[in-house]
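S.K.:
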Amino acid sequence: MKKKVLIVCGTGIATSTVVNEKIKNLAKKAGVKVDINQAKVTEAKREIENSNYDFLVTTTAFSYKVDLPVINATAMISGIGEEEVEEKIIAKLKE
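For the sequence shown, the residue numbers in UniProt numbering are 1 to 95.
Laid out in structure tokens, this is it:
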């Protein structure tokens with residue numbers, strides 16, 4: 001089964017691209033197929049409403065109420081607490 005993930009950052013380019021690559025590597029190691037899209041935080045709610053994502057990963061403040069799990073992945077940029085975030089992402093990928 002392929003998991004569909006949306007990564008959200010301030011511009012939809014910089015930090016989401018870094019996290020995108022990390023999630024692709026985690027999925028590969030876990031043996032999970034993944035489809036990842038990136039978006040600006042200002043576009044996230046509309047993107048979520050128009051697609052069927054399994055979960056959302058964000059590297060910025062995210063205050064919208066959405067009906068899917070949200071994982072804050074700032075640690076994947078700073079490196080502080082990254083392993084804990086990776087474990088959360090792997091668990092969601094394997095669900």
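Beta carbons: idealized from backbone N, C-alpha and C, even for Gly. Owing to the predicted nature of the structure, the values given are computational and were not obtained by experimental measurement.
Taking Cβ to Cβ, would you say N19 is nearer than 8 Å to M76?
M.R.: A quick correction: the sequence has Val, not Asn, at residue 19. For V19 and M76, yes; Cβs fall inside 8 Å.
S.K.: Using the Cα positions of I48 and K92, report the straight-line distance between them to the nearest angstrom.
M.R.: 17 Å
S.K.: Around the Cβ of G79, are there at least 16 other Cβ atoms within 10 angstroms (buried) or fewer (exposed)?
M.R.: exposed
S.K.: Look at the alpha carbon of V32 and the alpha carbon of E87, and state the distance between them as a whole number of angstroms.
M.R.: For V32 and E87, the distance between alpha carbons rounds to 14 Å.
S.K.: Taking the continuous beta strand (DSSP E) assigned at T17, which residues delimit it?
M.R.: Note, T17: premise wrong, no beta strand (DSSP E); alpha helix (DSSP H) at 14-30.
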